[in-house]
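Student: Under our numbering, think of the first position of the sequence shown as 358, with each following residue one higher.
First, the structure itself, so that you have it in front of you.
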Amino acid sequence: MPQHSAHEQYLLELINAARAKAGVQPLAFDNDLSEAAEGHSRWMLATDTFSHTGSGGSSPTQRMKAAGYTLAGSWATGENIAWATTRSPTGYNDEIQLLHNNLMNSSGHRANILNGNFREVGLGFEVGDYRGRSSGFVTENFAKTGSDLFLTGVAIDDKDGDKFYDPGEGLSGLTIT
Numbered sequence: 358m359p360q361h362s363a364h365e366q367y368l369l370e371l372i373n374a375a376r377a378k379a380g381v382q383p384l385a386f387d388n389d390l391s392e393a394a395e396g397h398s399r400w401m402l403a404t405d406t407f408s409h410t411g412s413g414g415s416s417p418t419q420r421m422k423a424a425g426y427t428l429a430g431s432w433a434t435g436e437n438i439a440w441a442t443t444r445s446p447t448g449y450n451d452e453i454q455l456l457h458n459n460l461m462n463s464s465g466h467r468a469n470i471l472n473g474n475f476r477e478v479g480l481g482f483e484v485g486d487y488r489g490r491s492s493g494f495v496t497e498n499f500a501k502t503g504s505d506l507f508l509t510g511v512a513i514d515d516k517d518g519d520k521f522y523d524p525g526e527g528l529s530g531l532t533i534t
């Protein structure tokens with residue numbers, strides 16, 4: 358089961374802020390979708406490939422199902438991929454922001470991010486060598502299955518006072534009652 362990184366949480370916050378601005382409900386993390394996303398980002402880096410077609414010719418939906426995501430009833434899936442060269446070995450906030458902005462500036466990718474039918478997301482941010490350069494790859498897997506609803510959010514210690522999650526501000530081990 359994937360443990361979401363602070364950078365993946367930051368990306369989710371950027372995605373959900375864009376959705377809120379557009380009047381669309383937030384997305385909830387799904388571990389199976391994240392496993393598929395992380396695996397695809399790793400595979401693209403390992404094979405020097407940038408493509409929605411993955412290992413063995415797999416499609417995004419096939420990878421989501423192979424990771425254990427169940428498609429039942431009324432369902433939908435979508436995938437965004439993006440990459441950027443990395444500039445800082447100590448943190449990737451700028452790269453995450455750049456990748457998100459680039460996806461939002463592309464009509465097809467923005468449509469996936471703001472699609473009100475999607476309820477869950479899996480994110481895979483991986484850093485490695487791509488064509489001789491240190492690069493960050495992100496795969497965003499979006500899906501909806503059945504009629505499940507989710508409670509979403511993140512608890513933070515807002516260290517910089519910007520009223521927005523930044524990597525390193527997440528609180529864990531909390532009980533919501």
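Beta carbons are placed, not taken as given, at the ideal position from N, Cα and C, and that holds for glycine.
Model, not experiment: these values are computed from the prediction.
Give the DSSP-derived three-state secondary structure of N472 in the structure shown.
Tutor: For the purposes of this step, residue 472 is taken as the residue at position 115 of the sequence shown. Correct three-state label for N472: coil.
Student: If you count every other CB in all the chains shown that lies within 10 Å of the CB of D451, and 16 or more means buried, which is it?
Tutor: Within the sequence shown, numbered from 1, the residue matching residue 451 stands at position 94. Exposed.
Student: For N373, tell me which candidate among F521, L531, S529, G527 has the shortest Cα-Cα distance.
Tutor: For this step, residue 373 is matched to residue 16 along the sequence shown. N373 has its Cα closest to that of F521, out of F521, L531, S529, G527.
Student: Give a yes or no on contact between the region 405-412 and the region 371-386, applying the rule of three or more CB pairs nearer than 8 Å.
Tutor: No: the two stretches stay apart, fewer than three of their Cβ pairs being nearer than 8 Å.
Student: Looking at the structure shown, is G485 part of a helix, part of a strand, or coil, going by DSSP?
Tutor: Position 128 of the sequence shown, counted from the start, is the residue given in the question as residue 485. Correct three-state label for G485: strand.
Student: Over what stretch of residues does the beta strand (DSSP E) that includes K501 continue unbroken?
Tutor: Stepping through the sequence shown from its first residue, residue 501 is reached at position 144. That run of the beta strand (DSSP E) goes 490-502.
Student: Would you identify the three-state DSSP class for L531, choosing helix, strand or coil?
Tutor: As a position in the sequence shown, residue 531 is number 174, starting the count at 1. In the structure shown, L531 sits in coil (DSSP, three-state: anything other than H, G, I, E or B).
Student: Taking the alpha helix (DSSP H) that A433 falls in, what are its first and last residues?
Tutor: Here residue 433 corresponds to residue number 76 of the sequence shown, with the count starting at 1. Here A433 belongs to no alpha helix (DSSP H); instead the beta strand (DSSP E) covers 432-442.
Student: Which whole-angstrom value is the C-beta distance of I453 and L460, which I expect to be below 8 Å?
Tutor: Here residue 453 refers to the residue found at position 96 when the sequence shown is read from its first residue. Here residue 460 refers to the residue found at position 103 when the sequence shown is read from its first residue. At roughly 11 Å, the Cβ-Cβ gap does not stay under 8 Å, so I453 and L460 are not in contact.
Student: Give a yes or no on whether the minimum CB-CB distance between G414 and chain B is below 8 Å.
Tutor: The structure shown contains no chain B, having only a single protein chain.
Student: Excluding sequence positions up to five away, which residues of its chain have a Cβ less than 8 Å from the Cβ of M358?
Tutor: Position 1 of the sequence shown, counting from 1, holds the residue named residue 358. Low confidence applies to M358: its pLDDT is 49, below 50, so where it sits in the model is not reliable enough to give any reading.
Student: Per DSSP, which one or two residues make a beta bridge with E477?
Tutor: What you label residue 477 is simply residue 120 of the sequence shown in a count that begins at 1. Answer by DSSP bridge pairing, in chain order: A385, A500.
Student: At the level of alpha carbons, what is the spacing between T410 and E526?
Tutor: In the sequence shown, residue 410 corresponds to position 53, counting from 1. In the sequence shown, residue 526 corresponds to position 169, counting from 1. Distance between the alpha carbons of T410 and E526 is about 35 Å.
Student: Exposed or buried, what is T434 when buried is set at 16 or more other beta-carbons lying within 10 Å of its beta-carbon?
Tutor: Counting from 1 along the sequence shown, the entry for residue 434 is found at position 77. Burial call: buried.
Student: Flag this pair as yes or no: are the beta carbons of G481 and E370 separated by less than 8 Å?
Tutor: Stepping through the sequence shown from its first residue, residue 481 is reached at position 124. Stepping through the sequence shown from its first residue, residue 370 is reached at position 13. No, they are not a contact pair.
Student: Measuring CA to CA, which of A500, G479, R467, I513 is closest to Q360?
Tutor: Counting from 1 along the sequence shown, the entry for residue 360 is found at position 3. The shortest C-alpha separation from Q360 is found at G479.
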